[in-house]
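In UniProt numbering, the protein residues as written are 1 to 374. These notes are about the structure you will find just below.
Shown next as structure tokens:
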């Protein structure tokens, strides 16, 4: 089986789907790997590095001779048009947002698999790219916030006086939020966190954070460890709880996402107005509409004296590690689905069923089907 790796075309994207070390692994497994020239340059992997690992580096047009294509972001319609009928694709697809791409896959009878649909089960952890990338994003969010903040994080006693520690408020105790807590605590900040899932309290406290409990969580629905839907009543109670807390926060980091829907607004303009001049908000959900109603995608702006950081692709700011981890995720999934002779998966097996979007000209993924109705 011939694996083709295409250079990412999405704006602000620096990652690449495979790293040289993972290319070596796939070559040992008797796959052939062809890489678009320059695909890894933004991740600091040179063409020579891939060639030394055993890959063939070619112009983009020649990559389309592959049997299976790997990317970080969703494939473009132009790329699908160049693929042979019946080829396969693996990447972050978020297919429920891309009806035209799904139609193109169906027309070309492409087998498509989505990295964002890997089931949250223990044996799929090594394939879980959402978690590997969110982990890095949580770390980078704190560093960005610290960079924009006009004060240090830790308590410091000096001959000139005592500097009090910064206060960090984090929304969401998922993978990104927990890493943000750990990073902020290592830097010496006082950290508080709120989450719609009360079961995350123990994890927050184990990292040294204080968990802000919201009473009356009946409206919260959790699916696969992630909040699927939060009631308006819950959001109102959560906002009442944090209105006082946010006034004292130096840095606020928001991470709340709802699968298949716009991100919930957690920080209103009135809340921003109540914050101290010079404080910072890093909105990690800005790609999906944002948790702060004043955030601007891919912009850092100052409103009401508060700096709002709207970086939509935080993992891409750490392209070496992000690409290395993603390469392990995507190669592990590929090896679960196929060997060097072709695809061998059972369509009813839990992981395969979870990630398979289209096959034989049909949309087969239940969640995507329920939204697109194609």
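Where a beta carbon is used, it is the ideal one built from N, C-alpha and C, also for glycine.
Original post:
So residue 311 packs on residue 291, CB below 8 Å; how close in whole Å?
Top reply: Not really, about 13 Å apart at Cβ, beyond 8 Å.
**OP:** List the DSSP bridge partners of residue 91.
**Re:** 114
Subject >> Limits of the alpha helix (DSSP H) - the one that residue 202 falls within >> reply: 201-206
Original post:
Where does residue 321 fall in DSSP's three states?
Top reply: Residue 321: helix per DSSP, three-state reduction.
**OP:** Could you give the DSSP three-state label for residue 373: helix, strand or coil?
**Re:** In this structure, residue 373 counts as coil in the three-state DSSP scheme.
Original post:
Would you say residue 280 and residue 365 are within 8 Å of each other, going by their C-beta atoms?
Top reply: no
Original post:
Looking only at C-alpha atoms, which of 343, 350, 146 sits nearest to residue 359?
Top reply: 343
**OP:** Kindly indicate which three-state DSSP category residue 339 falls into: helix, strand or coil?
**Re:** Residue 339: strand per DSSP, three-state reduction.
**OP:** Grab me the residues of residue 32's own chain with a C-beta within less than 6 Å of its C-beta, minus the 5 sequence neighbours each way, in chain order.
**Re:** 2
**OP:** Could you check what DSSP says for residue 105 in three-state terms: helix, strand or coil?
**Re:** helix
Original post:
In this structure, does DSSP put residue 156 in helix, strand or coil?
Top reply: Three-state result, residue 156: strand.
Original post:
Anyone know if the C-beta pair for residue 194 and residue 242 falls short of 8 Å?
Top reply: yes
**OP:** Return the chain-ordered ranges of every beta strand (DSSP E) run that is complete within the region 112-195 and spans a minimum of 3 residues.
**Re:** Complete beta strand (DSSP E) runs here, min 3: 156-158, 161-163, 167-171, 190-194.
Subject >> Best match in 142, 126, 42, 369 for proximity to residue 332 [C-alpha to C-alpha] >> reply: 126
Subject >> Rounded separation between residue 345 and residue 325 - CA only >> reply: 23 Å
**OP:** Just confirm the distance between the C-beta atoms of residue 255 and residue 145, as a whole number of angstroms; I'd bet it's less than 8 Å.
**Re:** About 12 Å separates the two Cβ atoms, so there is no contact after all.
Original post:
Taking just the CA atoms, how far does residue 37 sit from residue 81?
Top reply: 20 Å
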